[in-house]
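Residue numbers (UniProt numbering), protein chains in the order written: chain F, 1 to 349; chain D, 1 to 349.
Yeah, the Cβ is synthetic: ideal placement off N, Cα and C, and Gly gets one too.
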DNA sequence: GCGAAGCTGTGTATCGTTACACATATGTCG
DNA sequence: CGACATATGTGTAACGATACACAGCTTCGC
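This is the structure in structure tokens:
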């Protein structure tokens, strides 16, 4: 109890002194126990106990070792919604699995869309980054590239020097779109936001190439191909853009779509959450799925099975894990993930 | 381009040298731009650009500054489920809000239930901790206390030296239990796990005091009081223990409850997810809510409104934020959060 | 015209730890 | 019994950055 009164941080040197050994012996007692005798180790541990030493300081250790044993995760301006979006949550869970297994921490970076986001990336004490799908022009991407640490982007965009993990969204959209639009005359699409301002609108004639979010862009392109495959001109396809990936928002916009003089008879959404909103709106309007309106979702979430949604299955959890492994340098940093079509009862046979 | 070829980390000293200024001027250029002349700052920034300097090293900075500007979050053995539990997700979102606002990072610690969890806490480069509800005997708690940094526990247990944020679970359970059990003859409870082994069972006569998870314990105590208030002996109340906070699990156990010779006519759950499972099971058994079985949930999640669940409203998001503020030392570290009763149609009027 | 006050720039010490190389003691083997 | 491997302990020098205190120079009021 002697010198434990001063509230300043206790250092390894003080522990070593009290234990009557050198600093290195004390350090080894923590980091390579087999390197010191049992007797010395217990002297050190006793002294540490007496002084209330909390163990080697993590910052000092990281500095000296050159590694923080922590992975950074960038969720885009999304941050506070990230935890509410089930797909994002699965993705995070996949990263968490890998980090937990390797003993790595997982730092979620406080990105808010403000100007100092770049600083937040630069200042993060992490060994590598995983970036959740964002827009082509997201300034955070250049910040991530600038720090020159291993980094992997999920979904896109593709950035020179950074890894990329994701599925072939265009091919998957074309495939699920084929089921959605089969036999339809007036297909529609319920889409994620097209630009960073994230506004909800209903339009036609969008050029997918103009869309800044690569995942959304590729899916729109796939839906366009699917429409054309079904003999329908893309300019005749209505696109309802949802500000958020959200059941309520999709329901609201679908209700609006259905009031049109020639309402859609097939709606391809970009997530199962959205598709659930679409189904609710269709039914609320007194129409049947798929009789009056065929509906497709994306992700094969729990709600898809409940509602019998035809959807695209992909494991965001596996993809999160793949991103983490790549950002840790364990695997190559480019990775095409698997997807598959899950036909259910929300589309016509 | 001269010396940028070597792949070793570029240091501030090298930047300063190339810029022809002192190291401190270079440091100020990054940290206190107003402290140096524009000319000097741009010389430094140019030199940094040329050398590919990624900015001051975060570990070195943390060491020198004595602060990491990062908050640690401990989710218990829960980790990989944490992101799938909507309540936990709201809580995390609340922490994220505060961290983002303050420019703090948020490190999720890789706790797995294994023996080295304590080390993970000790080695985390964070300024403070927020601990998500855990059991009285969770060894992580002593590790958190041992590091002597500000820490707040959400829900419980109460640990000397650590802050505590949460609602009065016992009072809330007694209140919502009163609605659930009003006029009932054979009430039942659908509960969270009672011990760390997390097994699903159906039993009676549990002594709430034996339960290791404080939140679960207090809610059970509240339900017991509610049952006794309604003139029913606690030993007659069946308790279905769910291994996980999960709709499917609650549905499965409720289905089992309903096959009993004298099935329950009122079921109080511990979350809206569970209550949703209860409602599904009741309806699947061809019985009515609340006519045949009254049901209550907890948390006032979106599903509660959809199903008309009587529930306890609390904002996990606000509580997460409160924990973060306390762990950052901005507010006192004990905090009784608000809750309120939300009567809906799943209980008898 | 002169002291006070502000603006910029600089050296040095230090944050707490671990890598490395070396010193000493102990054990092993022909 | 000498040589050589194996265990254990130690001192010193980084790791990369920032706090602090001070020095030179400009500006300003009176």
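Check, Outcome
"With 7 Å set as the bound, which would you pick, yes or no: does the beta-carbon of residue 1 of chain D sit closer than that to a beta-carbon of chain F?", "Low confidence applies to residue 1 of chain D: its pLDDT is 36, below 50, so where it sits in the model is not reliable enough to give any reading."
"If you measure between the beta carbons of residue 19 of chain F and residue 44 of chain F, is that distance less than 7 Å?", "yes"
"In angstroms with no decimal places, state the Cα-to-Cα distance between residue 73 of chain F and residue 222 of chain F.", "29 Å"
"Over what stretch of residues does the alpha helix (DSSP H) that includes residue 187 of chain F continue unbroken?", "It is not in any alpha helix (DSSP H) - residue 187 of chain F instead sits in the beta strand (DSSP E) that spans 187 to 191."
"Considering only their Cβ atoms, is the gap separating residue 121 of chain F from residue 152 of chain F smaller than 7 Å?", "no"
"Where do the ends of the beta strand (DSSP E) carrying residue 108 of chain D lie?", "105 to 108"
"I'd like to know if residue 192 of chain D contacts chain F, where contact means its C-beta is closer than 7 Å to some C-beta of that chain.", "no"
"Using a Cβ-based criterion (distance less than 6 Å to any ligand heavy atom), does residue 54 of chain D qualify as near the ligand MN?", "For the ligand MN, the structure offers nothing, since it holds no ligand at all."
"Anything in chain D within Cβ reach of residue 261 of chain F, meaning under 9 Å, just list it in chain order.", "The contacting residues do not exist; residue 261 of chain F stays about 31 Å from chain D at best."
"Using C-beta distances below 6 Å, list every residue in its chain close to residue 30 of chain D, excluding the 5 sequence neighbours before and after it, in chain order.", "56"
"Give the range of the beta strand (DSSP E) segment to which residue 128 of chain F is assigned.", "128 to 131"
"Among the candidates F/87, F/329, F/327, F/314, whose CA atom is the shortest distance from the CA of residue 340 of chain F?", "F/314"
"Should residue 266 of chain F and residue 275 of chain F be called a contact, given that it needs their Cβ atoms to be closer than 7 Å?", "no"
"Identify whether residue 230 of chain D lies in helix, strand or coil by the three-state DSSP scheme.", "coil"
"Going by the beta-carbon positions, is the gap between residue 93 of chain D and residue 91 of chain F smaller than 7 Å?", "no"
"Tell me the residue span of the alpha helix (DSSP H) that contains residue 253 of chain D.", "247 to 258"
"Listing by chain order, which chain D residues have their CB less than 9 Å from the CB of residue 28 of chain F?", "Under the 9 Å cutoff, chain D gives no residues; its nearest Cβ is about 16 Å from residue 28 of chain F."
"Touching or not, the region 290 to 301 of chain F and the region 54 to 68 of chain F, by the rule of three or more beta carbon pairs under 8 Å?", "no"
"Opposite residue 335 of chain D in the DSSP bridges: which residues?", "D/165"
"So for residue 329 of chain D, helix, strand or coil by DSSP?", "coil"
"Tell me the residue span of the beta strand (DSSP E) that contains residue 340 of chain F.", "340 to 342"
"In three-state terms, what does DSSP make of residue 282 of chain F?", "helix"
"What's the gap between the Cα of residue 254 of chain F and the Cα of residue 284 of chain F?", "10 Å"
"Under 9 Å, CB to CB, which of the residues in the region 120 to 150 of chain D have a partner in chain F?", "120, 122, 123, 124, 125, 126, 146, 147, 148, 149"
"Beta-carbon of residue 242 of chain F versus every beta-carbon of chain D: anything under 7 Å?", "no"
"If you follow the alpha helix (DSSP H) that residue 94 of chain F is in, where does it begin and where does it stop?", "86 to 102"
"Based on the DSSP output, what are the partners of residue 138 of chain D in its beta bridges?", "Residue 138 of chain D is not bridged to any residue."
"Return helix, strand or coil for residue 299 of chain D, following the three-state DSSP convention.", "strand"
"Below 7 Å between beta carbons is the criterion; list the residues of the region 94 to 115 of chain F that meet it against any residue of chain D, in chain order.", "96, 97, 99, 100, 103, 104, 105, 106, 107, 108, 109, 110, 112"
"Looking only at its chain, what residues have a beta carbon closer than 6 Å to the beta carbon of residue 342 of chain D, apart from the 5 residues adjacent to it on each side?", "300, 311, 313"
"In its own chain, which residues sit with a C-beta less than 7 Å from the C-beta of residue 257 of chain D, not counting the 5 before and 5 after it?", "188, 202, 238, 240, 263, 264"
"Could you tell me which of D/169, D/136, D/135, D/146 sits nearest to residue 124 of chain D, measuring between CA atoms?", "D/146"
"Which residues of the region 33 to 65 of chain D have a Cβ closer than 9 Å to any Cβ of chain F? Give them in chain order.", "52, 54, 55, 56, 57, 58, 59, 60, 61, 62, 63, 64, 65"
"Unbroken alpha helix (DSSP H) runs of length 4 or more, entirely within the region 19 to 52 of chain F: which are they?", "23 to 31, 38 to 51"
"Skipping 5 residues on each side, what residues in its chain have a beta carbon closer than 8 Å to that of residue 141 of chain D?", "131, 134, 153, 157, 159, 162"
"First and last residue of the beta strand (DSSP E) that includes residue 312 of chain D?", "311 to 313"
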